[in-house]
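Worksheet: the structure to be examined is printed underneath.
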Amino acid sequence: MSNRKKYWGLFGFFLVLELAVVAILIWRATTEMPLLTPEITAWLQHHGGILLAALAGLFLVLGQIWSWIDKSLLEPTEALSRDISIMAKADPNRKIQVDSGHWLGALPESVEQLGASLVQARREINEALATGTQGVERLEMVIKRLKVGVIVCDAEARILLYNASIQDLFRNQDQALGLGRSLFGLCARLPVETTMIQLLQQRENPQDNERDEARFFCATTQGELLLDCIMSLLPKQGTDKDMFVMTLSEVTRKMEALQRNDRLIRTSLERFRSPMATIRAAAENLVENPDMPSPTRETFTQIINQEIKGLSELFDSVSREARALASDHWTLTDTHTADLFATLERHLTKKRGPTLLVEGTPLWIQADAPALLLVLEALVENIVATTQVESLTLETLMGDRRVYLDIIWSGDPIPSGVVESWQGLPLQESTGNLTLGDVLERHGGAIWSQVHRTSGQAILRLPVSSSPRQWQLPREEIPERPEFHDFSRTETVRELGRLAASSLANLTFVVFDTETTGLNPSNGDEIISIAGVRIVNGRILQGETFQSLVNPRRTIPRVSIGIHGITDQMVKDAPPIEEVLPRFKEFSTGAVLVAHNAAFDMRFLQLKEELCGVWFDNPVLDTLLLSVYLHDEVTDHTLDGIAGRLGVQIRERHTAMGDAMVTAEVFVRLLELLNVKGISSLGLAVQASESMLQIRKQQAKANY
Numbered sequence: 140m141s142n143r144k145k146y147w148g149l150f151g152f153f154l155v156l157e158l159a160v161v162a163i164l165i166w167r168a169t170t171e172m173p174l175l176t177p178e179i180t181a182w183l184q185h186h187g188g189i190l191l192a193a194l195a196g197l198f199l200v201l202g203q204i205w206s207w208i209d210k211s212l213l214e215p216t217e218a219l220s221r222d223i224s225i226m227a228k229a230d231p232n233r234k235i236q237v238d239s240g241h242w243l244g245a246l247p248e249s250v251e252q253l254g255a256s257l258v259q260a261r262r263e264i265n266e267a268l269a270t271g272t273q274g275v276e277r278l279e280m281v282i283k284r285l286k287v288g289v290i291v292c293d294a295e296a297r298i299l300l301y302n303a304s305i306q307d308l309f310r311n312q313d314q315a316l317g318l319g320r321s322l323f324g325l326c327a328r329l330p331v332e333t334t335m336i337q338l339l340q341q342r343e344n345p346q347d348n349e350r351d352e353a354r355f356f357c358a359t360t361q362g363e364l365l366l367d368c369i370m371s372l373l374p375k376q377g378t379d380k381d382m383f384v385m386t387l388s389e390v391t392r393k394m395e396a397l398q399r400n401d402r403l404i405r406t407s408l409e410r411f412r413s414p415m416a417t418i419r420a421a422a423e424n425l426v427e428n429p430d431m432p433s434p435t436r437e438t439f440t441q442i443i444n445q446e447i448k449g450l451s452e453l454f455d456s457v458s459r460e461a462r463a464l465a466s467d468h469w470t471l472t473d474t475h476t477a478d479l480f481a482t483l484e485r486h487l488t489k490k491r492g493p494t495l496l497v498e499g500t501p502l503w504i505q506a507d508a509p510a511l512l513l514v515l516e517a518l519v520e521n522i523v524a525t526t527q528v529e530s531l532t533l534e535t536l537m538g539d540r541r542v543y544l545d546i547i548w549s550g551d552p553i554p555s556g557v558v559e560s561w562q563g564l565p566l567q568e569s570t571g572n573l574t575l576g577d578v579l580e581r582h583g584g585a586i587w588s589q590v591h592r593t594s595g596q597a598i599l600r601l602p603v604s605s606s607p608r609q610w611q612l613p614r615e616e617i618p619e620r621p622e623f624h625d626f627s628r629t630e631t632v633r634e635l636g637r638l639a640a641s642s643l644a645n646l647t648f649v650v651f652d653t654e655t656t657g658l659n660p661s662n663g664d665e666i667i668s669i670a671g672v673r674i675v676n677g678r679i680l681q682g683e684t685f686q687s688l689v690n691p692r693r694t695i696p697r698v699s700i701g702i703h704g705i706t707d708q709m710v711k712d713a714p715p716i717e718e719v720l721p722r723f724k725e726f727s728t729g730a731v732l733v734a735h736n737a738a739f740d741m742r743f744l745q746l747k748e749e750l751c752g753v754w755f756d757n758p759v760l761d762t763l764l765l766s767v768y769l770h771d772e773v774t775d776h777t778l779d780g781i782a783g784r785l786g787v788q789i790r791e792r793h794t795a796m797g798d799a800m801v802t803a804e805v806f807v808r809l810l811e812l813l814n815v816k817g818i819s820s821l822g823l824a825v826q827a828s829e830s831m832l833q834i835r836k837q838q839a840k841a842n843y
């Protein structure tokens, strides 16, 4: 309750008390047992009404004076106090909103000047910090650009840091990935836990022959990938926390290739054994029996010839399988032909090579880009040397899951014998002294020359594998900067029963929002979109979000479409709530749920719990109720109203992700204001919310 309301309540109490005392005296004066002297009693009997009216008039005048003081001093003072609190903890650019006619003089203007000075001071501090942390910024950039995944975790396997490559590696388990969450939600527990214990033991008992890192293999929890992991124990620096850094890279394909290679060797030995034994036996008979009759000798000779022919065919078969395995063993990555051709053009320009034109739609291919670039460069140079043309055209065409890279020129095709001879050309800048044919074999293709579809032109065609990325929808872009965890705060709560005493500053929150077909969850309205974002240590993690459309299995009313813009066509192919809600539950496990007008969103979730087989027993905080607690004198507690009051910019309003992000920014600023009022634990925040909930329920009943 605000001080103004307390003052008005106190004033009203004394007014009623004084009037009651006078009324009692007058009543006593008219009874048979007066308590006063006869003179006072007589006077009250004749003039009591006048006295009562005079006192009422006096209090009315005092009430008007008090109202004037309240309007000119108390109300502006309270508004100024609220704005100062917001300025200090949430929005330093806040403009003081005090009605004209106040008695505060130049105080509001002075406070605004103080706020401007605060903004300037913070800017200077940030600039100084930025100057002093250039090394950290460079480290962030290095980690962000590493193609290998990097995770930092504590001794209890809680994730403190990860880079963008980890997000890519665990893209199918993104709900389980997040700061403060367990690494065991991503990787098999046993190899990780065993390696941690091993490294801790080595630090306690160091040996000269022991390294400070350990390499191991582990599978993802879903068993889809095999990971090659290298873990190191970080040195302690002013903290008693043990922290580990681990690099992870996928080796599923490499391990499968090694297994296939092993099987090929073993089966090949078995397949060679029988014909070799037959040849050996036949040869021994011929050697040991020089006087063998001619028909018998001819029979043994035919046996040897047949077995040798079979061995030759077997050798060719094994050779083809070995080449396929060797090709599969090489790492081929997604490459865009536009980038490949642009790089080729720059290389040839430096060498003053022929003019290149590019046609066709750029496509995604799977290739060893540096090696394929050397092949294209060698082919262009040999085509120019053979045909004497001065310009060439590069074109990409889509085949049956293959992409054709065509080099086109005016003139006749190059004879097949000449093209075949190029296979042995050495690629001087390649690793391992590869030939042009080696790289072509690695890519599972061959080259040939033929007449072009345009009269008077010819092509040299190189087929390569198409990337699955060709048909996949574009994935959400990974945030520009990696998210770092505050290493000074690594304690998390293991049991929900202990959350009440936990500091709000140390908890993980999931701020979420839903879009629905309507406002009546109990009468058939359904969720059509749900989104959430994590907050860890007071920081909104832009890279840790959840977002999904939901097929409601019913028509979306036109009036609802006008609000959120989601149509029946948009959700036609979306997953049903039975698939989406368990994923959101996994995303929010161990977190406090936060929403604006949370009862509305939680009702939609709770009605689907039994159907989906998940239960949301997370603690819940409501930004609406927290705003009422902090600013009970303000009437506008809509999301727009709170955002405007706290200086939060509204973006993508009435979309699940847009509203979740705005609510998250509002919540972070409300946490600062709550801390000023002594609300520092989850239990106190819940109590404050519940007290406001009871008040609003009573207000709703009174209004009804």
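Taking the working numbering, the leading residue of the sequence shown gets 140, the next gets one more, and so forth. All C-beta atoms, glycine included, are put in the ideal place defined by N, C-alpha and C. Values in this document were obtained by computation on a predicted structure and should not be read as measured data.
Across the structure, residue 597 and residue 562 are spaced so that their CA atoms are roughly 20 Å apart.
Remark: fewer than three beta-carbon pairs, one from each stretch, lie closer than 8 Å, so the stretch 711 to 720 and the stretch 645 to 653 are not flagged as touching. Of the other Cβ atoms in all chains shown, fewer than 16 fall within 10 Å of the Cβ of residue 537; this residue is therefore exposed. By the neighbour-count criterion, in which 16 or more other beta carbons inside 10 Å mark a residue as buried, residue 757 falls on the buried side. For residue 602, the secondary structure class from DSSP, reduced to helix, strand or coil, is strand. DSSP places residue 518 in the uninterrupted alpha helix (DSSP H) bounded by 508 to 526.
In the three-state DSSP reduction, residue 382 falls in the strand class (E or B).
Annotated three-state conformation of residue 548 is strand, per DSSP.
For residue 591, the three-state secondary structure derived from DSSP is coil.
Taken in chain order, the complete beta strand (DSSP E) segments of 3 residues or longer contained in the stretch 685 to 741 are 731 to 734. With a contact defined as Cβ atoms closer than 8 Å, residue 292 and residue 356 miss out at about 18 Å. Non-local C-beta neighbours of residue 388 in its own chain, meaning closer than 6 Å and more than five positions away in sequence, comprise 287 and 367, ordered along the chain. Counting along the chain, residue 670 sits inside the beta strand (DSSP E) bounded by residues 666 to 675.
Two segments are said to touch when three or more pairs of C-beta atoms, one from each, lie closer than 8 Å; by this definition the stretch 759 to 769 touches the stretch 723 to 734. Taking residue 518 as reference, the option from 574, 726 and 380 with the minimal CA-CA separation is 574.
Using a 10 angstroms sphere on the CB of residue 805, the tally of other CB atoms reaches 16 or more, which defines it as buried. For the pair residue 531 and residue 544, the CB atoms are not nearer than the 9 Å cut-off. One alpha carbon belongs to residue 417, the other to residue 454, and they sit about 16 Å apart.
CA-CA distance, residue 552 to residue 587, rounds to 9 Å. Counting C-beta pairs with one atom in each stretch, the stretch 812 to 824 and the stretch 788 to 800 have fewer than three that are closer than 8 Å, which means they do not touch.
In this structure, the straight-line span from the alpha carbon of residue 812 to that of residue 769 is close to 8 Å. Residue state for residue 371 is assigned as strand, using DSSP reduced to three classes. Residue 795 is positioned such that its CB atom lies closer than 9 Å to that of residue 670. With the rule of 3 Cβ pairs closer than 8 Å, the stretch 685 to 694 does not count as touching the stretch 327 to 342. The beta carbon of residue 776 is closer than 7 Å to those of 763, 766 and 767 in its chain, skipping five residues each way along the sequence. For residue 673 and residue 405, the gap between their C-alpha atoms comes out near 52 Å.
In this structure, the CA atom of residue 503 is about 9 Å from the CA atom of residue 477. Here residue 606 is near residue 474, since their CB atoms are less than 9 Å apart. The Cβ-Cβ distance between residue 750 and residue 791 does not fall below 9 Å. Scanning 339, 360, 289 and 381 for the CA closest to the CA of residue 369 turns up 289.
Between residue 450 and residue 439 a beta carbon distance of about 16 Å is seen, past the 8 Å cut, so the two are scored as non-contacting.
Apart from sequence neighbours up to five positions away, the residues of its chain that approach residue 742 with a beta-carbon distance below 8 Å are 660 and 661, ordered along the chain. In the three-state reduction of the DSSP assignment, residue 565 falls in the strand class.
Here residue 313 carries a helix assignment [DSSP, helix/strand/coil]. Straight across, the Cα-Cα distance linking residue 830 with residue 736 is about 15 Å. Take the alpha-carbon of residue 807 and the one of residue 310: they are about 28 Å apart.
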